[in-house]
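Sequence positions in the sequence shown follow my numbering and run 104 to 319. Idealized CB from N, CA, C, for every residue including glycine. For clarity, every value in this text was computed on a predicted model and none was experimentally measured. Okay, so here's the structure we're looking at.
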Amino acid sequence: MKLAFIFAHPDDESLSTGGTIARYSASGHMVSTLCLSSSEVRTREYLEATKILGVHKPRILNYANVVDFEGEIKNDLFKFLLEFRPEIVVTHLSDDYHIDHRVSYQIVREGIEWVAHETQFDDAHLVSKLYVSETTVLIPNPHILVDISPYYEIKEEAIRCYSSQLSKGGEGFYINFHKYRTHMRGTQASTDHAEAFLQVPLKKNSPFYKIKHSEL
């Protein structure tokens with residue numbers, strides 16, 4: 104199975120879904136990450152963190168932010184989705200606190216729909232499932248809790264790669280917040296640590312898709 108984790112900034116992948124990435128990578132699935140913005144320092148940190156998580160060929164775009172480069176990022180996203188052809192995509196919440204995160208969600212949602220159009224792409228691709236995940240904004244009623252207990256230490260090791268970011272929010276904020284967040288989700292899932300997700304419904308049929316109709 105191919106899974107793509109698409110986030111706005113270097114560190115979002117580790118903070119939000121590092122345990123899930125490590126779990127699926129270790130289980131033999133092909134996991135790729137796409138980061139939509141970068142800086143020189145954070146790119147180095149991102150490559151180190153994604154190596155720890157076991158990511159297959161991490162990708163990072165050379166834009167200062169998401170909001171100001173939305174059009175360019177969309178085109179790069181189309182290329183990524185058509186090349187990697189993931190069955191599952193994971194990204195930000197639509198109502199996340201950070202404007203780059205919210206815009207990223209919209210870009211990803213629109214990109215998934217657009218690359219399914221056979222009228223636009225000879226190699227059109229239909230993503231099966233789209234999930235959104237938590238950063239510092241929590242999901243009130245998650246659809247899925249993924250047990251990351253055996254991979255929590257790997258997640259934290261990846262987070263610690265981002266030394267340029269770890270003092271933001273106060274010393275220890277990121278490590279402690281996400282430790283307690285995943286422990287809280289673990290309590291809900293009857294385990295030690297878990298990560299929470301919402302599934303976003305995707306259109307499966309269209310006159311412009313390969314699949315024109317299906318069963319309930």
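Those residues which DSSP pairs with residue i across a bridge
| i | result |
| --- | --- |
| aspartate 250 | Ala297 |
| alanine 107 | Ser135 and Val192 |
| tyrosine 234 | Val193 and Gln302 |
N-terminal and C-terminal residue of the alpha helix (DSSP H) that residue i is part of
| i | result |
| --- | --- |
| aspartate 115 | 115 to 129 |
| alanine 261 | 255 to 262 |
Residue i - DSSP class collapsed to helix/strand/coil
| i | result |
| --- | --- |
| glutamine 291 | helix |
| glutamate 143 | helix |
| histidine 228 | coil |
| phenylalanine 276 | helix |
| lysine 282 | helix |
Query raised in the report: At what residue ranges does the segment 146 to 220 contain a whole run of the beta strand (DSSP E), taking only runs of 3 or more?
Result: 191 to 195
Query raised in the report: Within the chosen definition, does the segment 210 to 221 reach the segment 253 to 268 through at least 3 CB pairs nearer than 8 Å?
Result: no
Query raised in the report: Counting Cβ pairs, one atom from each stretch, are 3 or more of them under 8 Å apart for the segment 151 to 158 and the segment 179 to 196?
Result: no
Query raised in the report: If you pair each beta-carbon of the segment 109 to 121 with each one of the segment 130 to 150, do three or more pairs fall below 8 Å?
Result: yes
Requested in this report: Please confirm if the segment 199 to 210 is in contact with the segment 219 to 226, defined as three or more CB-CB distances below 8 Å between the two stretches.
Outcome: no
Query raised in the report: Quick check: the segment 134 to 141 against the segment 262 to 281, are there 3 or more CB pairs under 8 Å?
Result: no
Query raised in the report: Per the contact definition of three or more C-beta pairs closer than 8 Å, is the segment 157 to 171 in contact with the segment 285 to 295?
Result: no
**Report entry** Given 8 Å, three or more beta-carbon pairs between the segment 236 to 247 and the segment 294 to 311
**Finding:** yes
Query - Segment contact, 8 Å Cβ cut-off, at least three pairs: the segment 167 to 185 with the segment 203 to 210 - result: yes
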